[in-house]
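S.K.: Got a structure for you, questions after.
Residue numbers (the numbering used here), protein chains in the order written: chain A, -12 to 274; chain B, -6 to 302.
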């Protein structure tokens, strides 16, 4: 044992110092390099983009790709952006309201079928969304909802609601019951106690849930391409794919579009990170 | 007149307190239940029904009940069996390497160093951006003539000719799997980091005093204590990757010649491109059965973990 000590200590010093730093640099570089390359691409002019040999840095950085993407009449990025903003905002508000009520009921009331319901919400998170495309398309066609925001918003509920209900059950369970009970003795009804006592306490959790709903609907692609046919109704994800489908791929405007689609979720995510990670892992760590 | 007689008592409520509470509870659940009914439960029922019909959207005159016809077609369809095999390659290639790299990332991010919060946020980015964005970024990196990957490999002298990564039958699958690994590492990093932080530091100190080395501590403390979270994270990821269609759909559309066609993209193609809802329904039912079988197996395994832990 004694003789192995120096070697073991050397290994630990190496692991804590150079190995740690090399690993961190490699990790960060691997995660970020593709983004940086896309950002550089979006700032290049057409000549620099298709230069041989490859030009790594834009010599004359330009925003013309952004202007092109934003104002193009064929693939109107400004329109895609507004569509996404509207669909995701409405999904966010509605999902939050629905899951606050359901989460509160599941966390506070004992009723028949409670466990079964929780299991349904858990199982739905595992369902492949490709399964829903044909039936939902039939359903929206029958209701005349093709090329409407409603079809996209309702379809988004299929994957936002199950997850956010679980998140809300977790948050509400961590709030002590005594507070609402004393509010109810003071004359509040259930709904009053929920609004005045529980909601303010759960506010950070609710905000996280809302942002989560926004971020996942922002990424949604398959419903958006299946339930819309008009260019003016496309969301960002669907619009990006549509840009690829148009004649030859225009990597300049496309890279600008990619950057524009990434920035909002990246900003939201930095706010959300701690809460979301807590919500995601709480169940898993306990189990 | 009776009301006067009862005035002295507190009126007995028409419906008891307990029932009222129950009614309130159920009414809170109505919106969520309606959502699930309209967007998940009914559509699954419809998919099962569709699978029993000849249902091609642009041939309404041919719409008729054909029983298990779509399933017979499925069993005889060589592409279907190919997609199942491709799914296995896709899932295990992705999840295994995501797990290993994510574990390494979690061990790194657990250490105390300056700027840790920033590094954590940055390394999580690939996971939160839309799938279509991931697909397009990597399509551009893999681009044969102007892609930076070919350029770097040529400069390093590891390759002599440009490679068309996504249109080569042998390279397309490894290329999309690599992209999926890039995207999925943060998921495992987050989950395992949370697990690592839940391990009490005293355990490591005690082991250190007893003379256990780095590897010994990892093998006898870290791994056994992380086992539950490893099982949960891996199982969730396997199901999710099996179902995930966006990335392959964007990058290769399942091609070249179905080399990257997995069962979920094949289902998507049948519904979205071929508008063959009957066959897509049958494929959906198969996806659903695979998922249920896997979940059942997973629940048995986790129950085992809980009993041991």
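Glycine included, each C-beta is placed from N, C-alpha and C at the ideal position.
Can you find a CB in chain E that lies within less than 9 Å of the CB of residue 67(A)?
M.R.: This model lacks chain E altogether, as its protein chains are A and B.
S.K.: In the DSSP assignment, what are the bridge partners of residue 57(B)?
M.R.: Partner(s): 47(B).
S.K.: Give a yes or no on whether the C-beta atoms belonging to residue 111(A) and residue 23(B) are separated by under 9 Å.
M.R.: No, the Cβ-Cβ distance between residue 111(A) and residue 23(B) is not below 9 Å.
S.K.: List the DSSP bridge partners of residue 269(B).
M.R.: DSSP lists 49(B) as partners of residue 269(B).
S.K.: Give the DSSP-derived three-state secondary structure of residue -11(A) in the structure shown.
M.R.: Confidence is the limiting factor: at residue -11(A) the pLDDT is only 45, short of 50, which leaves the residue's position unreliable and the question unanswerable from this model.
S.K.: Quick one, are the C-beta atoms of residue 122(A) and residue 36(B) less than 9 Å apart?
M.R.: Against a cut-off of 9 Å, the Cβ pair of residue 36(B) and residue 122(A) comes out as a contact.
S.K.: Can you name the residues of chain B whose CB is closer than 8 Å to the CB of residue -2(A)?
M.R.: The contacting residues are 206, 207.
S.K.: Using the C-alpha atoms, what's the distance from residue 216(A) back to residue 129(A)?
M.R.: Whole-angstrom Cα-Cα distance: 16 Å.
S.K.: With a threshold of 8 Å, are at least 3 pairs of Cβ atoms found where one atom belongs to the stretch 151 to 171 of chain A and the other to the stretch 185 to 192 of chain A?
M.R.: The stretch 151 to 171 of chain A, when compared against the stretch 185 to 192 of chain A, does touch it at the 8 Å Cβ threshold.
S.K.: If I follow the unbroken alpha helix (DSSP H) through residue 73(B), where does it start and stop?
M.R.: Here the alpha helix (DSSP H) through residue 73(B) covers 71 to 103.
S.K.: Residues in the same chain with beta-carbon distance under 6 Å from residue 40(B), minus the five sequence neighbours each way, listed in chain order, please.
M.R.: Around residue 40(B): 274, 277.
S.K.: Measuring only the C-alpha atoms, how far is residue 263(B) from residue 36(A)?
M.R.: Whole-angstrom Cα-Cα distance: 36 Å.
S.K.: When you compare the CB positions of residue 222(B) and residue 196(B), do they come within less than 9 Å of one another, or not?
M.R.: No. Outside cutoff.
S.K.: Quick check: what's the CA-CA separation for residue 18(B) versus residue 139(A)?
M.R.: Going from the Cα of residue 18(B) to the Cα of residue 139(A) covers about 29 Å.
S.K.: Apply the 10 Å Cβ neighbour rule to residue 226(A) and answer buried if 16 or more other Cβ atoms are within range, or exposed otherwise.
M.R.: Per the 10 Å Cβ criterion, buried.
S.K.: Can you give me the Cβ contacts of residue 32(A) inside the same chain, cut-off strictly under 6 Å, excluding the 5 residues immediately before and after it?
M.R.: Answer for residue 32(A): 49, listed in chain order.
S.K.: Roughly how many angstroms separate the alpha carbons of residue 251(B) and residue 74(B), rounded to a whole number?
M.R.: In a straight line, the C-alpha of residue 251(B) is about 11 Å away from that of residue 74(B).
S.K.: Please look up how many angstroms separate the CB atoms of residue 234(B) and residue 88(B), rounded, as I've assumed it's under 8 Å.
M.R.: About 6 Å; that satisfies the 8 Å criterion.
S.K.: Buried or exposed, going by whether 16 or more other CB atoms sit within 10 Å of the CB of residue 115(A)?
M.R.: Flag for residue 115(A) reads buried.
S.K.: Report yes if the C-beta distance between residue 246(B) and residue 167(B) is below 9 Å; otherwise report no.
M.R.: Taking 9 Å as the Cβ cut-off, residue 246(B) and residue 167(B) do not qualify as a contacting pair.
S.K.: Cutting at 7 Å between CB atoms, please list the residues of its own chain near residue 134(A), excluding the five before and the five after it.
M.R.: Only 215, 216, 217, 220 meet the Cβ criterion.
S.K.: Please specify which runs of the alpha helix (DSSP H), each continuous and at least 4 residues long, are wholly inside the stretch 55 to 129 of chain A, giving them in chain order.
M.R.: Qualifying alpha helix (DSSP H) stretches, in chain order: 64 to 95, 101 to 111, 117 to 129.
S.K.: Residue 95(A): buried (16+ other C-beta within 10 angstroms of its C-beta) or exposed?
M.R.: Burial call: buried.
S.K.: Which residues, taken in chain order from the stretch 92 to 114 of chain A, show a beta carbon closer than 8 Å to some beta carbon of chain B?
M.R.: Listed in sequence order: 92, 93, 95, 96, 98, 104, 107, 108, 110, 111, 113, 114.
S.K.: If distances are taken between C-alpha atoms only, which option among 16(A), 255(A), 237(A), 252(A) comes closest to residue 133(B)?
M.R.: Residue 237(A) is the option with its Cα nearest to residue 133(B).
S.K.: Quick one: list the residues of chain B neighbouring residue 245(A), beta-carbon separation under 8 Å, in chain order.
M.R.: Those are 126, 129, 130, listed as they occur along chain B.
S.K.: Out of curiosity, what's the CA-to-CA distance linking residue 39(A) and residue 156(B)?
M.R.: Each residue's Cα considered, the two are about 16 Å apart.
S.K.: Is it true that the stretch 6 to 26 of chain A meets the stretch 112 to 120 of chain B, where meeting means three or more beta-carbon pairs spaced less than 8 Å apart?
M.R.: Yes, since at least three Cβ pairs between the stretch 6 to 26 of chain A and the stretch 112 to 120 of chain B fall closer than 8 Å, the two stretches touch.
S.K.: Considering residue 24(A), what are the terminal residues of the alpha helix (DSSP H) in which it resides?
M.R.: Taken as a continuous stretch (DSSP letters only), the alpha helix (DSSP H) holding residue 24(A) covers 7 to 29.
S.K.: Helix, strand or coil for residue 50(A)? Go by DSSP, reduced to three states.
M.R.: DSSP places residue 50(A) in coil when its eight states are reduced to three.
S.K.: Count the other CB atoms, across all protein chains shown, that sit within 10 Å of the CB of residue 12(A); report buried if there are 16 or more and exposed otherwise.
M.R.: Answer is exposed; the Cβ neighbour count stays below 16.
S.K.: Less than 9 Å between CB atoms is the rule here; does residue 83(B) satisfy it with respect to chain A?
M.R.: It does not; no Cβ of chain A falls within 9 Å.
S.K.: Distance, Cα to Cα, residue 193(A) vs residue 148(A)?
M.R.: C-alpha separation (whole angstroms): 13 Å.
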